[in-house]
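Chains as they are written, first to last, in the numbering used here: chain A, 1344 to 1681; chain B, 1344 to 1681. Note that beta-carbon positions come from the ideal geometry of N, C-alpha and C, so glycine has one too. Input: a single structure, listed below in structure tokens.
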DNA sequence: CTGAAAGCGCTAACAG
DNA sequence: CTGTTAGCGCTTTCAG
């Protein structure tokens, strides 16, 4: 707790605290020598302005909230890095909130955040979130809110996302070109636009290339690792098992590989697979994984940049930007011909 | 920004703000029916107490800082999860600061954090940090500080770490038992106690099992991915190349695998490798990686728990705890015989 | 049981 | 160029 207040500093200098305050802010209405005196003394006494007193007065916290489903995922880790990096240069502080894919938690967090604790919010919605009213409320409160990655289309806000539809299309087309006939789409949520967009891209590619779209090939997974393993095991043990698969989310990759190993399916000979993933280890997997790699770091950075731009403006109005940063298909052995 | 203040709420209820304040805190000196009225109206008006006004008055922020070198690493991701989870249950807020392994940044962050912004700090020191004075200062300021994972032995603080010496010993012994004669130790820092402890464990095992300890086998890597690749490539191209390796840090694993592939060294036939790592993908690598797996989530949780316990006490005194949570050797194919 | 008043540390009019 | 004053929204004595 900082003991030395601006009052103490002023007293030491025989100045008023307002003069000291202005001097510390390098105000033009203070003489150069006074500024120097103040700065020197501030350093000497190790004066640290109390941020909350300042926030209270200025009605500005210089803090943002990052609300995400989880952190043990390389996408969000990299996104956080992008956000934190730019926040640091702008002198902002970053509060992290995890929703654990739970809509109730998300709601609570968003309520709390309206207290004035933060100047703005960066968010990637939880997979369980279907209703949007808790977001509308925050929105109505006038708090700048930027969605990144997992956006909600129908809410009017700035968004930073990737080309999910095209990526889904590209992934499916790649598998078709590599000879797959029955391509499974492994999804994590039927609510998330991001998943639906990828799914729609996948369906469009199948249709364009005269492959039947079968509901049986669209597999909804959960947030539970053990359950996912079972779901994938059931899928791959079927007679009519897929010969290609698209994992729409990173955490399905490990169970998918394990299931294939368990039942002696060879990747890519028996089944080819593409993962939406930012894993550094994709290239050293057995076999190396073909990925749709998202620009996670850039997305975090861009979302933060848009937020800070908004915060610097006087009257912020919604939905100024809908930025799309392209993902990249990186072909590796998991989709090799035979 | 919350528009409805406690004043407005009081006016609406024809009560004084002090009564309302007490009622909201469920004070015993307020009648039950008044409490109910207040609570109902608070809900109706969507009253959100301004946290900074409260913090200013109470000199307590209900916020902690987590200061770590990076986040795109599965150890820290999981640790954050552990921290956040318990913070959420305790009603605390979590500020994230990344040092990028840079001692200067770390210093700046710790200075800022003394402003009263947080009630305590959880920290894992940067690999560049050798001097400790910036930590002493924070320490002297009386701000509770808990180290986790990357601790500094000589600083008196609560610590949560893993059994690094034993892990290093165990890793080396395992490689010796699997027939390795020339075991490299891939380190990231010569300052970090954590690295030195692992290194010392490694050395002790070599000595105990009559293997020569050679300085040439102790390889100092950097924080730059490209550089690390080159360093490892040079190492493995030598005539006297190692037939076993211990990666003391997760990020060296991918370059190590890539180098081996590049120069056609087979893992484990030509060289066996163990990684200190929490990677979910360890089991599906080519080949599956033998790991020393740290209890990252538990370490984060424990560190946070100790901090909160400290915050609840009146007069906190240092170095009450030095908790060691054991890591686990998980044997996989990368250290197979032949 | 309720209210009046003071003040946390800072900033921003407004005077001088 | 410097100082006085008021107040951000809340909590906490201390009276009533």
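Next on the checklist: Is the beta carbon of residue 1489 of chain B closer than 8 Å to that of residue 1650 of chain B?
Outcome noted: Walking along the second chain from the start, residue 1650 of chain B turns up at place 307. Walking along the second chain from the start, residue 1489 of chain B turns up at place 146. Yes, Cβ-Cβ distance for residue 1650 of chain B and residue 1489 of chain B is below 8 Å.
Next on the checklist: Less than 8 Å between the C-beta atoms of residue 1705 of chain B and residue 1593 of chain B, yes or no?
Outcome noted: In this structure chain B extends from 1344 to 1681, so residue 1705 of chain B is not present and cannot be described.
Checklist entry - Does the beta-carbon of residue 1538 of chain A have 16 or more other beta-carbons within 10 angstroms, so that it is buried, or is it exposed? => result The residue given as residue 1538 of chain A occupies position 195 in the first chain. Buried, since its Cβ has 16 or more Cβ neighbours within 10 Å.
Item to check | Residues near residue 1570 of chain B in its chain [Cβ-Cβ closer than 8 Å; skip 5 each side] | outcome: Your numbering for residue 1570 of chain B matches position 227 in the second chain. If we look at residue 1570 of chain B and ignore the five residues flanking it on each side, its Cβ neighbours are 1564.
Checklist entry - Can you list the alpha helix (DSSP H) stretches of 4 or more residues lying completely in the region 1366-1453 of chain A, in chain order? => result 1375-1388, 1394-1401 and 1417-1433
Item to check | Backbone secondary structure at residue 1604 of chain B - three-state DSSP | outcome: As a working mapping, residue 1604 of chain B is identified with position 261 in the second chain. If DSSP states are grouped into helix, strand and coil, residue 1604 of chain B belongs with the helices.
Checklist entry - Which chain A residues are close to residue 1391 of chain B, counting only those with a beta carbon under 7 Å from its beta carbon? => result Taking the second chain and counting its residues from 1, one reaches residue 1391 of chain B at position 48. Result: 1457 and 1458.
Next on the checklist: Any beta carbon of chain B sitting closer than 8 Å to that of residue 1350 of chain A?
Outcome noted: Sequence index remark: in the first chain, residue 1350 of chain A carries index 7 (1-based). Chain B contact via Cβ: absent.
Checklist entry - Are the beta-carbon atoms belonging to residue 1624 of chain A and residue 1628 of chain B less than 8 Å from one another? => result Residue mapping note: residue 1624 of chain A aligns to position 281 of the first chain, counting from 1. Residue mapping note: residue 1628 of chain B aligns to position 285 of the second chain, counting from 1. A contact, by the Cβ cut-off of 8 Å.
Next on the checklist: DSSP has residue 1615 of chain A in a bridge; who is on the other side?
Outcome noted: Within the first chain, the letter at position 272 stands for residue 1615 of chain A. Per DSSP, A/1587.
Checklist entry - Would you say residue 1407 of chain B faces chain A, with C-beta separation under 8 Å as the test? => result Position 64 of the second chain, counted from the start, is the residue given in the question as residue 1407 of chain B. Cβ-Cβ to chain A under 8 Å: no for residue 1407 of chain B.
Item to check | Proximity below 8 Å, CB of residue 1668 of chain B to CB of residue 1645 of chain B | outcome: Position 325 of the second chain, counting from 1, holds the residue named residue 1668 of chain B. Position 302 of the second chain, counting from 1, holds the residue named residue 1645 of chain B. Contact flag set, yes.
Next on the checklist: Quick check on this structure: which residue in B/1541, B/1553, B/1598 and B/1612 has the alpha carbon closest to the alpha carbon of residue 1619 of chain B?
Outcome noted: In the second chain, counting from the first residue as 1, residue 1619 of chain B sits at position 276. Closest option to residue 1619 of chain B, Cα to Cα, is B/1541.
Checklist entry - Quick one: Cα of residue 1449 of chain B to Cα of residue 1436 of chain B, how far? => result Reading the second chain from its first residue, position 106 is the one you call residue 1449 of chain B. Reading the second chain from its first residue, position 93 is the one you call residue 1436 of chain B. Computed Cα separation, rounded: 20 Å.
Next on the checklist: For residue 1344 of chain B and residue 1456 of chain A, what's the separation of their Cα atoms in angstroms?
Outcome noted: As a working note, residue 1344 of chain B is residue 1 in the second chain. As a working note, residue 1456 of chain A is residue 113 in the first chain. Note that residue 1344 of chain B scores a pLDDT of 47, beneath 50, so its modelled location is shaky; the value from the coordinates is reported in the next line. If I take the Cα positions, the gap works out to 9 Å.
Next on the checklist: I'd like to confirm the pairing. Which residues does DSSP put opposite residue 1465 of chain B in its beta bridges?
Outcome noted: Here the question's residue 1465 of chain B lines up with position 122 in the second chain. Answer is B/1409 and B/1489, bridged to residue 1465 of chain B.
Checklist entry - For residue 1507 of chain A, does the count of other Cβ atoms within 10 angstroms reach 16, so buried, or fall short, so exposed? => result Here residue 1507 of chain A refers to the residue found at position 164 when the first chain is read from its first residue. Label assigned to residue 1507 of chain A: buried.
Item to check | Limits of the beta strand (DSSP E) - the one that residue 1504 of chain A falls within | outcome: Taking the first chain and counting its residues from 1, one reaches residue 1504 of chain A at position 161. Boundaries of the beta strand (DSSP E) harbouring residue 1504 of chain A: 1501-1505, taken from the DSSP string.
Item to check | Cut-off 8 Å between Cβ atoms - residues of its own chain near residue 1361 of chain A, not counting five sequence neighbours on either side | outcome: Within the first chain, residue 1361 of chain A is the residue found at index 18, counting from 1. Nothing listed; no residue qualifies.
Checklist entry - Beta carbon of residue 1438 of chain B, beta carbon of residue 1475 of chain B: below 8 Å? => result Looking up residue 1438 of chain B in the second chain gives position 95. Looking up residue 1475 of chain B in the second chain gives position 132. 8 Å or more divides the Cβ of residue 1438 of chain B from the Cβ of residue 1475 of chain B.
Checklist entry - In three-state DSSP terms, what is residue 1476 of chain B? => result Here residue 1476 of chain B is taken as the residue at index 133 of the second chain, counted from 1. In the structure shown, residue 1476 of chain B sits in a helix (DSSP, three-state: H, G or I).
Checklist entry - Using 8 Å as the Cβ pair cut-off and three pairs as the minimum, do the region 1544-1551 of chain B and the region 1573-1585 of chain B touch? => result no
Checklist entry - What is the DSSP secondary structure of residue 1592 of chain B, counted as helix, strand or coil? => result Counting from 1 along the second chain, the entry for residue 1592 of chain B is found at position 249. For residue 1592 of chain B, the three-state secondary structure derived from DSSP is coil.
Checklist entry - Exposed or buried, what is residue 1381 of chain B when buried is set at 16 or more other beta-carbons lying within 10 Å of its beta-carbon? => result Reading the second chain from its first residue, position 38 is the one you call residue 1381 of chain B. So residue 1381 of chain B counts as buried.
Item to check | Rounded C-alpha distance that separates residue 1599 of chain B from residue 1393 of chain A | outcome: Counted from its first residue, the second chain places residue 1599 of chain B at position 256. Counted from its first residue, the first chain places residue 1393 of chain A at position 50. Spanning the two alpha carbons is a distance of roughly 47 Å.
Item to check | Delimiting residues of the beta strand (DSSP E) encompassing residue 1665 of chain A | outcome: Counting from one through the first chain, the residue named residue 1665 of chain A turns up at place 322. Counting along the chain, the beta strand (DSSP E) containing residue 1665 of chain A begins and ends at 1665-1668.
Checklist entry - Three or more C-beta pairs closer than 8 Å, one from the region 1630-1642 of chain A and one from the region 1505-1524 of chain A: is that the case here? => result yes
Item to check | Residue from A/1481, A/1535, A/1429 and A/1568 with nearest C-alpha to residue 1467 of chain A | outcome: For the purposes of this step, residue 1467 of chain A is taken as residue 124 along the first chain, with counting starting at 1. If you compare the alpha carbons of A/1481, A/1535, A/1429 and A/1568 with that of residue 1467 of chain A, the shortest gap goes to A/1535.
Checklist entry - Is any beta-carbon of chain B found at less than 8 Å from that of residue 1579 of chain A? => result The residue you call residue 1579 of chain A lines up with position 236 of the first chain. No - not a single Cβ of chain B is within 8 Å of the one on residue 1579 of chain A.
Next on the checklist: Give me the chain A residues within the contact set of residue 1623 of chain B, using Cβ-Cβ distance strictly less than 7 Å, ordered along the chain.
Outcome noted: Here residue 1623 of chain B refers to the residue found at position 280 when the second chain is read from its first residue. Within 7 Å Cβ-Cβ: 1597.
Next on the checklist: So for residue 1555 of chain B, helix, strand or coil by DSSP?
Outcome noted: Within the second chain, residue 1555 of chain B is the residue found at index 212, counting from 1. Three-state DSSP puts residue 1555 of chain B in coil, outside helix and strand.
Checklist entry - Based on Cα-Cα distance, which residue from B/1434, B/1496, B/1575 and B/1654 lies nearest to residue 1605 of chain B? => result Residue mapping note: residue 1605 of chain B aligns to position 262 of the second chain, counting from 1. Comparing alpha-carbon positions, the option among B/1434, B/1496, B/1575 and B/1654 lying closest to residue 1605 of chain B turns out to be B/1575.
Checklist entry - Exposed or buried, residue 1483 of chain A, counting other C-beta atoms within 10 Å across all chains shown (16 or more means buried)? => result Translated into positions along the first chain, residue 1483 of chain A becomes position 140. Exposed is the call here.
Checklist entry - If you follow the beta strand (DSSP E) that residue 1633 of chain A is part of, which residue opens it and which one closes it? => result Taking the first residue of the first chain as 1, we reach residue 1633 of chain A at position 290. Run containing residue 1633 of chain A: 1633-1636, per the beta strand (DSSP E) assignment.
Next on the checklist: Looking only at its chain, what residues have a beta carbon closer than 7 Å to the beta carbon of residue 1523 of chain A, apart from the 5 residues adjacent to it on each side?
Outcome noted: Stepping through the first chain from its first residue, residue 1523 of chain A is reached at position 180. Taken in chain order, the residues that qualify are 1586, 1587 and 1615.
Checklist entry - In this structure, what does DSSP give as the bridge partners for residue 1456 of chain B? => result Counting from one through the second chain, the residue named residue 1456 of chain B turns up at place 113. Per DSSP, residue 1456 of chain B has no beta-bridge partner at all.
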